[in-house]
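Residue numbers (my numbering), protein chains in the order written: chain A, 4 to 427; chain B, 2 to 310.
I have placed the structure first, in the form of structure tokens, so that the comments after it can refer back to it.
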Amino acid sequence: MPIILKNLTLADGSRSDIRIEGDTIVEMGTISGSGIDCDSLIGLPGFVDPHTHLREPGFEASETVLSGSRAAAAGGYTAVCAMANTLPVADTAEIVDAVLDAGAEAGYCQVQPIGAVTNDLAGKQLSEISQMHQSRANVKMFSDDGICVSDPALMQEALAQVKVFGGVIAQHAQDPERTQGAQMNAGALAIELGLTGWPRLAEEDIIARDALLAEQTGARLHICHLTTAGGVEVVRWAKQRGITITAEVTPHHLLLTEELVRSYDPVYKVNPPLRTDADTKALIAGVLDGTIDVLGTDHAPHSAEKKEAEWGHAAFGMLGLETAASILHQVLAGTGSLTWQLFEQLISSRPAALTGLSDHGQLAVGRKANITVFNPHEDLAASTISQSLSSNNPYAGMVFKGRVQHTLYNGIFTVRDQKLQELK
Amino acid sequence: MKHLVSIKDLNIDSAISLLASSQELALVNQRQVKKLPTLRGKTVVNLFYENSTRTRISFEIAAKRLSADVINFDASTSSLSKGESLKDTALTLEALGADVIVMRHPMSGAAQRLASSDWIRGSVINAGDGSHEHPTQALLDALTMQQRLDLGSNFKGLKVLIVGDILHSRVARSNIFLLKLLGAEVSVAGPETLVPIEISKLGVTVHHDFDQALADQPNVVMMLRVQAERMSKDLFPSASSYVKFWSLGGHRLAGLGPEVVIMHPGPMNRGFEISAEAADDPRSAVLQQVTNGLAVRMAVLQTTLSGGN
């Protein structure tokens, strides 16, 4: 049975129907015959998350590839890139292939493994980068996310290696020396709360250093989760210089600030930390002027006991997949500069290009039917999200404007009428 | 007032009222029979994740003078050293019927975490959390200032200078918050590494020169203990340079006016941040602070358990 989506508004403002046969978009424009009415809804290429933690293998109490994929689909994602900090670490072809297969088995979205840059994320020795690239998982993005590749010689070598096949290193910019024991953004509030501060410079000068290394090697560099006004400026400078650099921002760094740490509730404990109102404004400005390329959720589920603890003992990280699109919509709408083209670029086409996921990021006849239909008129109560195995949701009590109406992954509804579909 | 986690839990009226209750209870401590029946049948647990014999003993005696049953739950001799979580410890104490948990913890915010959880029904009194707060210390310091300088409830115009490692000091934070609430002027002094300029955002004047700070003629000079574990972290060049620039003794002691009150939260490092002469000087209120600690802790226990104030 072909699926026909009727009366969609596309990102460029045009109206179109979409006919899907099998896993492919076979017709767009005005299509005769009845279908699913999408009048006043926005038809977008399926969302792509360049930065997800699925926790499998090793931390299945927090999330599995299946549960994380379901959360992704619920959030409108048709592809997620799974970070390498699992147990064992995704630093060999065997492990990335196993994650790839688990994603295919789950069937809710494409799960693209990210390979570790260094063995066991230890920052000492490069991992099997070429083998992971040549594996079935065809890894193109490598990251030690959660930990910075702090050794400049190793970082330069990693960039040189991925340059050979057009890959990219996604850096978690955090100078470990200056963030020992760091618990929150450095500044007056950290002093008031008696928590060890996380200096902005410890993020910004790693970005500057790596931008120069990318220039030197000619390789692609991606900066994960930008958080500071200064970091935005460094990336803006690097882009003006012609360096092949891309930058990511998370929903939480666009929306939340360090003031929440006053509660000492570890649901707000995240790496990198929540910063100030001035930083969120600079990040939003960076999104609007193109300095920041992509939204990455940094979805970081943690089982209850890792958060039911003192601030200092609790794990870093927060959920993100199911709320990301609604938050992005709300934030962009709040600027008065919301365009669906920018929304689509941030959440779909640019992350697809960044991560080399060619079946995603574009709505066109002949392409895979990876489609997200967004409803800007209805609210999402963040407390209602439910697909992750974990509940470290920092948005409880908040309501966002806009929500995912339908998600189609390879021509199959994973979400229909705001409800996650049971595939098996 | 169910919990006392932070000085910010208080307003000026509740702070003055706690100080007044403390003053009354201080009289009990001078009687032949130093005991009141107020908390008979109540169970107070001292939950100490960090060694502090002085503070624990002070809370223990305070609770006993109010006829409460007191249990000391010491991290070094319990399941805490076996990695039990704060939640499980709290649930256990709740199951055992603790009415108040007095907690000392090395992590900032731990007391607030416990108080805002649904793990316990009883009260939480913060006996020091990381570098954050030590509210009963600030209250006993304020009580000591009231007594020494005959302030009554009027702290306006009082000038207090706090000297040393402000950055890592919970005593400094609680004192700053309480003294500002009461209307006093607070300045802080210490090396740049231990007194970063952002501290001025707490509403205090920052000095990086002890002699200049003393030239402002504070009424109270509060010396903080330098914690030995900070010594290794390049926060100041050497012990001898610290003594030279930041110790209260010698010409600085000689230059203090006769009415100036010298305070120290203890334990003191004699010969380091405070000279033996300064510690034993008649202007030193160190032992009065200790005595007042009992009265303040009695008042706080009574107030949290009665739910009043």
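Cβ atoms here follow ideal geometry from the backbone N, Cα and C, with glycine treated the same way.
Problem set entry | Own chain residues within Cβ distance below 6 Å of Arg370 (chain A), not counting five before or after | The residues are Ile28.
For this session: Could you have a look at Leu366 (chain A) and say whether DSSP puts it in helix, strand or coil?
Result: Of the three classes helix, strand and coil, the one that applies to Leu366 (chain A) here is coil, per DSSP.
Exercise. Between the stretch 6-19 of chain B and the stretch 131-148 of chain A, are three or more C-beta pairs nearer than 8 Å?
Worked result: no
Exercise. Can you tell me the Cα-Cα spacing of Glu24 (chain A) and Thr417 (chain A), whole angstroms?
Worked result: 16 Å
For this session: Indicate whether Asn293 (chain B) and Arg226 (chain B) have their beta-carbon atoms separated by less than 8 Å.
Result: Result no, Cβ atoms of Asn293 (chain B) and Arg226 (chain B) do not sit closer than 8 Å.
Problem set entry | DSSP state of Gln134 (chain A) mapped onto helix, strand, coil | helix
For this session: State the beta-bridge partners of Glu30 (chain A) as determined by DSSP.
Result: A:Arg22
Problem set entry | Helix, strand or coil at Gly204 (chain B) [DSSP, three-state] | coil
Exercise. With contact counted as at least three CB pairs below 8 Å, one residue from each stretch, are the stretch 119-134 of chain B and the stretch 170-184 of chain B in contact?
Worked result: yes
Exercise. Under three-state DSSP, which class holds Tyr80 (chain A)?
Worked result: strand
Exercise. Which of helix, strand or coil does DSSP assign to Met224 (chain B)?
Worked result: strand
Exercise. For chain A, is any of its Cβ atoms less than 8 Å away from the one on Met223 (chain B)?
Worked result: no
Exercise. Does DSSP put Ser248 (chain B) in a helix, a strand or coil?
Worked result: coil
For this session: Taking a Cβ distance cut-off of 7 Å, strictly less, list which residues of the stretch 181-200 of chain A are near chain B, in chain order.
Result: Contact residues of the stretch 181-200 of chain A toward chain B are Gly190, Ala191, Ile194, Glu195, Leu196, Gly197 and Leu198 (C-beta to C-beta distance below 7 Å).
Exercise. In the DSSP assignment, what are the bridge partners of Thr93 (chain B)?
Worked result: DSSP lists no partner for Thr93 (chain B).
Exercise. Helix, strand or coil: which one does DSSP assign to Lys272 (chain A)?
Worked result: Lys272 (chain A) falls in the coil class under three-state DSSP.
For this session: Using beta-carbon positions only, say whether Ala296 (chain B) and Leu144 (chain B) come within less than 8 Å of one another.
Result: With respect to the 8 Å criterion, Ala296 (chain B) and Leu144 (chain B) are classified as neighbours on the basis of their beta carbons.
Problem set entry | Nearest candidate by alpha-carbon position, reference Pro219 (chain B), set B:Phe273, B:Leu179 and B:Ile263 | Relative to the Cα of Pro219 (chain B), the nearest Cα in the group B:Phe273, B:Leu179 and B:Ile263 belongs to B:Ile263.
Problem set entry | C-alpha distance - Ala399 (chain A) paired with Glu251 (chain A), whole-angstrom precision | 24 Å
Exercise. When every heavy atom of the ligand GDP is checked, does at least one fall within less than 7 Å of the C-beta of Val207 (chain B)?
Worked result: You won't find the ligand GDP in this model; it holds no ligand whatsoever.
For this session: Taking only beta-carbon positions, decide if Gly131 (chain B) is within less than 8 Å of chain A.
Result: yes
Problem set entry | Buried versus exposed, by CB contacts within 10 Å (16 or more), Lys36 (chain B) | exposed
For this session: Report the rounded CA-to-CA distance for His225 (chain A) versus Gly320 (chain A), giving the unit in angstroms.
Result: 20 Å
Exercise. Is His316 (chain A) close to chain B, meaning its C-beta is less than 8 Å from at least one C-beta of that chain?
Worked result: yes
Problem set entry | Short-range partners of chain B found in the stretch 267-292 of chain A, where Cβ spacing is below 9 Å | Closer than 9 Å at the C-beta level to chain B, one finds these residues of the stretch 267-292 of chain A: Tyr267, Asp268 and Pro269.
Exercise. With a cut-off of 8 Å, does the C-beta of Lys181 (chain B) fall near any C-beta of chain A?
Worked result: no
For this session: Might you give, ordered along the chain, the residues of its own chain that have their beta carbon closer than 7 Å to the beta carbon of Ile62 (chain B), omitting 5 neighbours on each side?
Result: Leu295
Problem set entry | Secondary structure of Met146 (chain B), DSSP reduced to three states | helix
Problem set entry | Buried versus exposed call for Leu306 (chain B) [16 or more other C-beta atoms within 10 Å across all chains shown] | Buried, since its Cβ has 16 or more Cβ neighbours within 10 Å.
Problem set entry | Three or more C-beta pairs below 8 Å linking the stretch 161-169 of chain B and the stretch 192-201 of chain B | yes
Exercise. How many Å lie between Ala328 (chain A) and Phe377 (chain A) at the Cα?
Worked result: Their Cα atoms are separated by approximately 9 Å.
Problem set entry | Entirely enclosed alpha helix (DSSP H) segments - the stretch 155-202 of chain B, minimum 4 residues | 171-183
Exercise. For Lys35 (chain B), which residues in chain A fall below 9 Å Cβ to Cβ?
Worked result: The premise fails here: Lys35 (chain B) is roughly 35 Å from chain A at the closest Cβ pair, so nothing lies under 9 Å.
For this session: Could you give the DSSP three-state label for Arg419 (chain A): helix, strand or coil?
Result: strand
Problem set entry | Classification of Asn396 (chain A) by the beta-carbon crowding that lies within 10 angstroms, buried from 16 upward | buried
For this session: Determine the DSSP secondary structure at Leu103 (chain A), reduced to helix, strand or coil.
Result: It is helical.
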